[in-house]
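Visitor: Mind having a look at this structure? Questions to follow.
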Amino acid sequence: MVCFRDIDPAAPHHYLVIPRKHIHSCSSLHRKHIDLVERMAEMGKAVLHDQGFADMNDISMGFHLPPFISVNHLHLHVLAPSSQISRSMIFKFTPRTESFILEQRVREQLKNISPMHHFTTQLRSKKSKHLFE
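Following full-length UniProt numbering, the numbering of the sequence shown begins with 1 at its first residue and continues without gaps.
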């Protein structure tokens, strides 16, 4: 995995954590990717810590959902402090929308799907509002 600063930061600390192996988006994830998502989150927290950010209760980590992705490669947004996300960008990083889902919610959804299905199947099988509550 690699991590670097977002070129258009929405918060004082805005990083992208990206797996080296190509995965299109979070809708391409399968149950087998739970560990990958956890490691991505751990790397994001470690980078925040290394950059001197300590309040892990004021962070937001999540993925954009298709068709709201700008890069066709899975990437975790790590934003801190989440209380200081730019007003002009807040709509892009609000977990109660259909465009952004928190990392923790992705892991929960992946744990609940059968091994042969992927995240898109789970999204289609439930009403969207339940995914983002």
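From the three backbone atoms N, C-alpha and C, an ideal C-beta is built for every residue, glycine too.
Count Cβ pairs between the segment 51–61 and the segment 23–31 that sit closer than 8 Å; are there 3 or more?
Guide: no
Visitor: Skipping 5 residues on each side, what residues in its chain have a beta carbon closer than 6 Å to that of residue 69?
Guide: Position 69 of the sequence shown, counting from 1, holds the residue named residue 69. Excluding residues within five positions, the ones whose Cβ falls inside 6 Å are 25.
Visitor: Only counting the same chain, and skipping five residues up and downstream in sequence, which positions put a Cβ closer than 8 Å to that of residue 95?
Guide: Numbered from its first residue, the sequence shown carries residue 95 at position 95. These residues qualify, in order along the chain: 60, 62, 101, 102, 105, 132.
Visitor: Taking residue 16 and residue 8 to be in contact with their CB atoms under 8 Å, please state how far apart those CB atoms are, rounded to whole angstroms.
Guide: Along the sequence shown, read from residue 1 onward, the residue named residue 16 stands at position 16. Along the sequence shown, read from residue 1 onward, the residue named residue 8 stands at position 8. Actually they are not in contact, since the Cβ atoms of residue 16 and residue 8 sit about 11 Å apart, beyond 8 Å.
Visitor: Quick one: residues in its chain with C-beta nearer than 8 Å to the C-beta of residue 85, no 5 flanking neighbours on either side, listed in chain order?
Guide: Locating residue 85 in the sequence shown gives position 85, counting from the first residue. The answer, listed in chain order, is 10, 11, 60, 79, 93.
Visitor: Between which two residues does the alpha helix (DSSP H) harbouring residue 47 extend?
Guide: For the purposes of this step, residue 47 is taken as residue 47 along the sequence shown, with counting starting at 1. Run containing residue 47: 34–50, per the alpha helix (DSSP H) assignment.
Visitor: Does the distance from the CB of residue 65 to the CB of residue 38 come in under 8 Å?
Guide: Counted from its first residue, the sequence shown places residue 65 at position 65. Counted from its first residue, the sequence shown places residue 38 at position 38. Their beta carbons are not under 8 Å apart, which means residue 65 does not touch residue 38 by this criterion.
Visitor: Do you know whose CA, among 75, 22, 47, lies nearest residue 13's CA?
Guide: Within the sequence shown, the letter at position 13 stands for residue 13. Nearest of 75, 22, 47 to residue 13, Cα basis: 47.
Visitor: Quick one: residues in its chain with C-beta nearer than 6 Å to the C-beta of residue 58, no 5 flanking neighbours on either side, listed in chain order?
Guide: Position 58 of the sequence shown holds residue 58. Within the same chain, residue 58 has close Cβ partners 81, 82, 83.
Visitor: So, helix, strand or coil for residue 68, using DSSP?
Guide: Locating residue 68 in the sequence shown gives position 68, counting from the first residue. Coil, per DSSP.
Visitor: Just grab the DSSP bridge partners of residue 5 for me.
Guide: Here residue 5 refers to the residue found at position 5 of the sequence shown. Residue pairing from DSSP places residue 5 in a beta bridge opposite 15.
Visitor: Assuming residue 110 is part of the alpha helix (DSSP H), what are its boundary residues?
Guide: The sequence position of residue 110 within the sequence shown is 110, counting from 1. Start and end: 103–111.
Visitor: Which class does residue 99 belong to by DSSP, given the choice of helix, strand or coil?
Guide: Along the sequence shown, one-based indexing puts residue 99 at 99. Three-state result, residue 99: coil.
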